Amino acid sequence: MLIKMRFFKAASVSGGLLGLFLIPACNNEVRQSVKDIEIWPQVSSPVRDTDAVGKKVEDLLARMTVEEKVGQIMQAEIQAITPEEARIYHIGSILNGGGSTPHRKKNATAADWLAMADAFYKASVTPDGGAAIPIIWGTDAVHGHGNVIGATLFPHNIGLGAARNPELIRQIGVATASEVRATGIDWVFAPTLAVAQNDRWGRSYESYSEDPELVRVYAAAMVKGLQGEPGTQAFLSDQRVIATAKHFLADGGTAGGDDQGDARISERELVEIHNPGYPAAIEAGVQTVMASFSSWNGEKLHGHKYLLTDVLKGRMGFDGFVVGDWNGHGQLPGCTNASCPQAINAGIDLLMVTHDWKAMIENTLAQVRSGEISMARLDDAVRRILRVKVRAGLFDGKSPSERVGNRSAVGNSRHRALARQAVRESLVLLKNSNKLLPLSPRQTILVAGDGADNISKQAGGWSVTWQGTDTTNQDFPGATSIYKGISDAVESAGGKAVLSADGEYPADLKPDVAIVVYGEDPYAEGQGDITTLEFEPRLKNNLALLKKFTAQGIPTVSLFISGRPLWVNPELNASDAFVALWLPGSEGAGVADVIVADKDGNPRYDFKGRLSFSWPRTPLQEVLNPHHPNYDPLFRLGYGLTYASGEEGPTELLEDVDGVDAGSADDIPLYAGRPLEPWRVFITNHERSQILSGAFAALPEQDVVIRTSDKDTQEDALTVSWQNAQLAGLFFHQGRPLDLSRYLVEGAVVFDLKIDRPPTDELKLVMQCGSGCERELPLTETVRRGAGKGWRTVTVRLSCLARETDTFEQVTGPFSLQSSGKGQVSVANIRFVMNTETNVDCPD
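The sequence shown begins at -8 in this note's numbering and counts up by one.
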């Protein structure tokens, strides 16, 4: 059914989204009132345990040793634990992070996943005496089973929000659960119930809408799809999974849209804007809730007893278990990744401790025995975990492979058809001058842009790899690119579709119309945060492509790929038609279904999508929601044109507005949580090199290994280790040559460095500065001073690397660290800056 709610009207600030209150925007002042638990809703779960279930849980709990109980509240990453270790330490749960696959096998099949699930299960139920408690495996499946090659990838949540169709959301939940269960996994970290309020946030696309009412309705629909309807045979059956409502609470309300930042808002706003999805999820029977990395008025959610225990478990009656996020406990004051009684005492039941689980077990055991963590709190956490495991049928005596509902579910045709429908319904038409769309297929259509035949780009983050980067079309078997969908639709009707990413075409083959597919490159949490809503500030390559077609008199359609609304007034002006695709996923043919007409020129499908986020009038409108004052968007929440209406949208939009970046930046970032386009990270031992794809890479000889690690946020640094190496190197490559000539006089390369294990041989900073030009600088004194002292910022003037005749106009390898022997270093935040300080000497 089509969802119809008040926010569609949003005719004015006072008559907008909720009509309840106005919230000051961009107010950095903490607006914390005395906590008032009475303003939180009282709800209850429809899931009721039988006496037999309750007795089983209590019997298990009574037989467990303290070691078994502590092991039960630990969750380790599959790369950091073996089934045998899980058995010995009584581990309660494992997970695979984004891009993490069984045995690091990139093309792992469903059978490979299933085999690993069986191995961990069998180990967990064959302990040396004591209770046999099945392990539970959790995975991120935020738009389908994204870690698995060949899985169906649905549009990301922001696009699903535009569809306004809760029944579609429920069906997507059913399909996702079926594909996840086909790999032996019982639990997904979805749905995300964030109500994103600042579009600079890199996880905005994981939010269904800026409107809490839409999030509330979708929360119930997705939970019921994933888990099944409580009270029916479908509930947590062999084709359903345990769902997770995340991230509790206000991850979408942080100041500046800062991932893992601070929501500086009143309790009233916390309840009415950011909480509505959670009561709906609880009433739909959700079994787990994930705590947020973020803070509320300066207090981290992983340690927030009032919200986790008093509000969530008490007032709102949640009786499942609360899981932490990736080492989120380690961010609490006084905590580390390996020790955090504060998080357990605050209400975290299952610690996502990833790699430091052995030390965490040892420390937690000591804290329980000393009374710092009470036995009552430990028992409560274990009881909640056991309760969910019993409800999910994990104690039925069947291995994951014996509980699989449909082994052929991954990427099957029925799921792909559903995803294609979701693409059709999520597209939002912003402009259609002269009714250019739908396009007649009986003509020559040029399809240009770097997103045209690029499934990685249309899928976005959480697709095969965590950030969605370092993949090709071959990593998405069974998927359809946007170009392929258009080509099939056009050529089946007798027309011609020509692919030309750069927009070039033979002089004798001038197209009748040009489609340009472009937008944001893939990103995920942390790395997706931006400083401006302007699309392609300064270097507007796609705008130039659009203007080239316009100058040639070729009608032009923009198909815009993005995980949030962005300021694109120049691109809108240069386009005859403009469609917001969001991040459509694996079924790109859904785009052609709507924009390409049938043989007779009639629409095959009309546009149904309506904006789930307001669209900015200027690049500075990062906080743009109907319930905030000064609401003045370019396109309001709920906007969207249709063929039936005949409306054409805006004509000439202002381009010279506040916030447009007209100059050139002094800083050139190279690595900011991830390698920035177009650069890639490689490791080498001189004889061979290997690209870093995902979170880990190793040369066949295992003499050089690189993995992502944590500095300020999750996996925002690189750790490279080497042993018995004649040469070990980390380097950046594959980008266009950089002109660093103006940095030679007063510029510097700046990076954060941590010496984990001092190199036995000299560590050098190396730069490839053109044909036959390689410059290096020993970092001997830097290493000596930094060994064992944690992170330090290193600033090296480029003049320290240069010779008198160097110009640095064609730098092909802008950054490399090289050594030999053995050692381990970590590096983060690599950038070139204009440095006018004269007291920064060459390091050695």
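Backbone N, C-alpha and C fix where the C-beta goes; we use that ideal spot for every residue, glycine too.
These numbers come from a predicted model, not from an experiment.
Residue pairing from DSSP leaves V186 without any beta-bridge partner. Under the DSSP assignment, V206 falls in the alpha helix (DSSP H) whose first and last residues are 203 to 218. The beta carbon of Q358 sits closer than 6 Å to the beta carbons of P332, I364 from its chain, once the five residues preceding and following it are set aside; these are given in chain order.
DSSP places D589 outside any alpha helix (DSSP H), giving it a letter other than H or E.
In the three-state reduction of the DSSP assignment, A329 falls in the coil class, being assigned neither a helical nor a strand state.
The DSSP-derived three-state label of E643 is coil. Judged by DSSP secondary structure, E75 falls outside any beta strand (DSSP E) and instead within the alpha helix (DSSP H) spanning 74 to 80. Taking the C-beta atoms as reference points, T174 is found nearer than 8 Å to V139.
By DSSP's assignment, T345 forms a beta bridge with A67.
Residue pairing of Y662 in beta bridges, as defined by DSSP: P666, I821. Here the C-alpha atom of F626 lies approximately 6 Å from the C-alpha atom of S605. The three-state reading of DSSP puts Y509 in strand, counting E and B together.
At the C-beta level, L292 and G451 stay beyond 8 Å of one another. Excluding its 5 nearest sequence neighbours in each direction, V38 has C-beta neighbours in its own chain below 6 Å: P221, G276, listed in chain order. DSSP places H238 in the uninterrupted beta strand (DSSP E) bounded by 235 to 239.
Counting only runs that start and end inside the segment 382 to 419, the alpha helix (DSSP H) elements of at least 4 residues fall at 404 to 417. Judged by beta-carbon spacing, Q70 lies within the 8 Å limit of R95, meaning their Cβ atoms are closer than that value.
Taking a cut-off of 8 Å on C-beta distances, the segment 147 to 154 touches the segment 596 to 610, as three or more cross pairs fall below it. Contact annotation: F742 and V785 have beta-carbon atoms nearer than 8 Å. Looking at the backbone, the Cα of S817 and that of S680 are separated by about 19 Å.
Taken atom to atom, the span from the alpha-carbon of G544 to that of N564 is near 15 Å. Rounded to whole angstroms, the gap between the alpha carbons of S700 and V344 is 14 Å.
Annotation for N532: the continuous alpha helix (DSSP H) segment containing it runs 532 to 542. Nearest Cα to D119 within the set F673, P497, T56: T56.
Note that the segment 532 to 548 does not touch the segment 266 to 284; fewer than 3 beta-carbon pairs, one per stretch, sit closer than 8 Å.
Residue pairing by DSSP places I552 opposite G510, W573 in a beta bridge. For S115, the enclosing alpha helix (DSSP H) covers residues 101 to 115. By alpha-carbon distance to L430, the top candidate from L159, A484, N87 is A484. Across the structure, D623 and L427 are spaced so that their CA atoms are roughly 28 Å apart. Membership of L563 in the alpha helix (DSSP H) is indicated by the continuous run 560 to 564.
For E59, the number of other beta carbons within 10 angstroms of its own is at least 16, and it is reported as buried. Taking each of A571, G164, G738 in turn and checking the Cα distance to V548, the smallest one comes out for A571. The C-beta separation of V824 from G738 comes to about 7 Å, placing the pair in contact by the 8 Å criterion. In the DSSP assignment, Q717 falls within the beta strand (DSSP E) that extends over 708 to 724. Pairing D131 with W453 gives a Cβ-Cβ distance under 8 Å.
R259 sits away from G396, with the two beta carbons spaced by 8 Å or more.
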